[in-house]
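As structure tokens, the structure follows; a few thoughts come after it.
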Amino acid sequence: MVRHRRDERTKTRKHYRETNDGNQAGDPDKAVAVILQAVDADDAPLHLPLGRAAHAIAERKLAAFRGDIDAWCDITIATDFD
Numbered sequence: 011m012v013r014h015r016r017d018e019r020t021k022t023r024k025h026y027r028e029t030n031d032g033n034q035a036g037d038p039d040k041a042v043a044v045i046l047q048a049v050d051a052d053d054a055p056l057h058l059p060l061g062r063a064a065h066a067i068a069e070r071k072l073a074a075f076r077g078d079i080d081a082w083c084d085i086t087i088a089t090d091f092d
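Residues in the sequence shown are numbered consecutively from 11, following the numbering used here.
Spelled out as structure tokens, the structure:
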């Protein structure tokens, strides 16, 4: 049974590679150009989400982070010494 599941996973990964190769959303040449630009920048970013999907994920994480900070603001800043 374990071997069967492993074979199925292998088959699924192989199918994914075969059907998606060359059809990925990101353009590696454009990504390299942006990375090099960021590395050479005086204000190089610590985080650099590349592509529409990565940008959307980063925006969602930032919104969640902002929500937590706002919701707990009064409680967390009250931990300072008086």
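All residues carry an ideal CB built from backbone N, CA and C; glycine is no exception.
Everything numeric in this text was worked out from a predicted model, so none of it was measured.
Using only the alpha-carbon positions, how far apart do T86 and A73 sit? 18 angstroms
With a Cβ-Cβ cutoff of 8 angstroms, do A48 and P38 count as a contact? no
What is the C-beta distance between G61 and A35, in whole angstroms, given that I count them as a contact (C-beta under 8 angstroms)? 6 angstroms
So for F75, helix, strand or coil by DSSP? Here F75 carries a helix assignment [DSSP, helix/strand/coil].
Output the distance between the C-alpha atoms of H57 and A66, rounded to the nearest integer angstrom. H57 and A66 have their C-alpha atoms roughly 14 angstroms apart.
Provide the residue span of the alpha helix (DSSP H) that contains P38, from first to last. In the DSSP assignment, P38 falls within the unbroken alpha helix (DSSP H) covering 38-50.
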